[in-house]
Amino acid sequence: MAYLRLFDWYQTNKRDLPFRKTDNPYHIWVSEIMLQQTQVDTMLPFYDRFLTIYPTIQDLARADIDEILKVVQGIGYYRRFRMLHKGAQYVIDHHDGKLPEDYFKILKIPGIGAYTAGAIMSIAFHKPYPATDGNVIRVLSRVKMLEDDFRLDKNKKKLNEMNKELIENSNNPYLYTQSMMELGATVCKVSNPLCDTCPLQEVCLANINNVQQNYPKMSPLKTKKEIQYFTFILEYKEGFLMRKRTEDLLHGFYEFVQIESDSLNGALTQAQDLGLEIQILDELQPIKHVFTHMIWQINLYRGTISNITSPYEIVHDFSQVPIATVVKKQIKQI
DNA sequence: AAGACGGGGTC
DNA sequence: GACCCAGTCTT
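So the number in our numbering is just where the residue sits in the first sequence, counting from 1, plus 697.
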């Protein structure tokens, strides 16, 4: 690996990011959780707001999970913030409220896996533990022209071992992790990589052979399952009927009366079985919402109702409860 | 090993 | 429309 060129390139070209201006291990922890499967530009506003409200591990540990969800609503993958909350409480209970400088102790904290443990060790504590994310997979698979299918766990683990050797030999774990990820994010991009400006262009086998787009090799994703819903925005006593979700998906977020059905009549019948006598006023614009593993096709109606039954409750102010983007799209229409 | 888990950006 | 992203946990 051409470490010096890589590090020089990083020092000259790095983006000015708030989580690179701190050496507070907790702040770096929060940033790494928010960066899981999330682009920098998307997480930035959440990062600032989150640390303003929860500036220390103690503040986060004693916060209410519903309030935390409200703070991060719109970013997605909300389970990571339930885990982060548990993680803060775990650090209070097991490590006197301070992040330990030990890879295997960090790995035991809820919500922290191999990547995040390596990122915290190398970025916050300057210790040589590998942080192998999508960027590093892309950079190394191109530089070395690796033929493995990186959809598979075993191949990611193999590459993590290679990344471990590289960071151990780097003499600067902090610069190694930061520069590899910065390179993957800004130069060694998924499509149209900027190889002309890459500090590794002379050692990169994919660039030399002009086959960058073939790497990393990834087996195709499964097609998403589609679900048809009928959703009713029902006014009741100057509020709206809503339910706090108890499913794993969007757990703790509020939704209107939403029923899985192929037809309006079928949905209304199911609503009756729940004790809801719905009077429809308008049909609104249908909504398509894409998740990682499924697609919701939502037929949307506005109506009234003269009664309320469990588990529904009356929500008077949408700003007081966690609202996911799929419901925000619905609220926008009223 | 495979599936669950959000939302936004890119081409 | 299809793919990807500074992944982790559960089954």
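Where a beta carbon is used, it is the ideal one built from N, C-alpha and C, also for glycine.
Residue i to residue j span [Cα, whole Å]
i	j	result
D738	R746	14 Å
L732	M740	7 Å
E844	I750	45 Å
Y812	P752	23 Å
E879	K711	7 Å
D823	R717	With the sequence shown as reference, residue 823 is identified as His, and Asp is not the correct amino acid for it. Roughly 13 Å separates the two Cα atoms.
T1022	Q770	8 Å
I1011	L938	5 Å
G815	L837	17 Å
I864	A882	19 Å
T920	F929	28 Å
F950	Q969	24 Å
D893	L902	14 Å
A758	I809	16 Å
V884	Q875	13 Å
L918	D793	43 Å
P742	I1028	22 Å
R848	S1003	51 Å
Q994	D846	32 Å
H791	G784	10 Å
K854	S960	47 Å
V727	I924	34 Å
D713	T719	12 Å
K985	M818	41 Å
Contacts around residue i, its chain only, beta-carbon distance under 7 Å, and the 5 residues preceding and following it disregarded
i	result
K861	P827
A964	F927, I956 and S958
L872	F704 and Y707
Q982	L997 and Q1030
I765	F778 and H782
Y787	I806 and P807
Q909	R839, P890, C892 and A903
M877	N832, V833 and V836
F1015	I1028
V900	A699 and V840
Cβ-Cβ separation, residue j to residue i (assumed contact under 8 Å), whole Å
i	j	result
I803	L796	7 Å
V840	L897	6 Å
P1019	K767	5 Å
Y775	L947	7 Å
K922	M991	5 Å
A821	P913	Wrong, their Cβ atoms sit about 28 Å apart, outside the cutoff.
Boundaries of the alpha helix (DSSP H) in which residue i is found, first to last residue
i	result
K1026	T1022 to I1028
I762	I762 to V769
M698	No alpha helix (DSSP H) holds M698; DSSP gives it neither H nor E.
I730	P722 to M731
R746	V737 to I750
L965	L961 to D970
L757	I754 to A758
Own chain residues within Cβ distance below 6 Å of residue i, not counting five before or after
i	result
D730	The question names Asp, but residue 730 in the sequence shown is Ile. Closer than 6 Å at the Cβ level, and outside the excluded window around I730, lie R777 and L781.
R702	P896
T1001	E932 and Q976
D979	R999
I772	F743
Endpoints, the beta strand (DSSP E) within which residue i is located
i	result
Q955	V954 to E957
Same chain, Cβ closer than 8 Å to residue i, five either side skipped, listed in chain order
i	result
E935	H1013
T1006	L971, G972 and L973
S867	M698, Y700, P825 and Y873
H724	F716 and L748
D763	G949, V1018 and P1019
N906	M842
- Task: Ignoring anything shorter than 4 residues or poking outside the stretch 781-849, list the alpha helix (DSSP H) runs there in chain order.
- Result: 800-804, 811-816 and 831-840
- Message: At 4 residues or longer, what runs of the alpha helix (DSSP H) sit wholly inside the stretch 870-951?
- Response: 870-883 and 902-905
- Item | beta strand (DSSP E) segments (min. 3 residues) lying fully within the stretch 977-1013 | 984-987, 991-1002 and 1010-1012
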